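Q:
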Amino acid sequence: MLLIVCGPIRLGCEIILDVAESTLNLIQKNVRNRRKQLGVSQEELADRSGLHRTYIGAIERGERNLTVASLEKLARALKCRVSDLVSKP
Numbered sequence: 001m002l003l004i005v006c007g008p009i010r011l012g013c014e015i016i017l018d019v020a021e022s023t024l025n026l027i028q029k030n031v032r033n034r035r036k037q038l039g040v041s042q043e044e045l046a047d048r049s050g051l052h053r054t055y056i057g058a059i060e061r062g063e064r065n066l067t068v069a070s071l072e073k074l075a076r077a078l079k080c081r082v083s084d085l086v087s088k089p
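Heads up: the sequence shown is residues 1 to 89, going by our numbering.
1) Cutting at 8 Å between CB atoms, please list the residues of its own chain near Arg81, excluding the five before and the five after it.
2) Check the C-beta distance from Asn65 over to Leu26 and give it rounded, since I have them as a contact under 8 Å.
3) Specify, as a first and last residue, the run of the alpha helix (DSSP H) that Arg53 falls within.
4) Between Asp47 and Arg53, what straight-line distance do the alpha-carbon atoms span, to the nearest angstrom?
5) For the alpha helix (DSSP H) containing Lys73, name the first residue and the last one.
Shown next as structure tokens:
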């Protein structure tokens with residue numbers, strides 16, 4: 001006999017998506033705030049990090065998911081740690 005339960009699995013996925021969205025929003029705010037603290041434009045941050053200018057804008061608007069490699073590049077360019085970008089101030 002095979003029993004398939006969809007309710008808890010779906011609920012679990014929704015919780016994961018909520019956490020991912022809130023983390024993405026946190027990264028977005030932290031990147032923008034840190035960039036502004038340094039007095040750096042999105043274009044200059046793109047040059048410093050080796051990422052595309054439009055990608056930086058999309059990150060700051062919360063429109064893009066970041067890879068760990070991109071987070072590391074941003075942290076280096078913003079002179080901070082990756083943990084500073086993913087944690088609450």
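Virtual Cβ for every residue (Gly too), placed ideally from N, Cα, C.
None of these values were measured; they are calculated from a predicted model.
A: Taking the coordinates as given:
1) Ala75
2) About 13 Å separates the Cβ atoms of Asn65 and Leu26, ruling out a contact at the 8 Å cut-off.
3) 53-60
4) Near 8 Å, if we compare the C-alpha coordinates of Arg53 and Asp47.
5) 68-77
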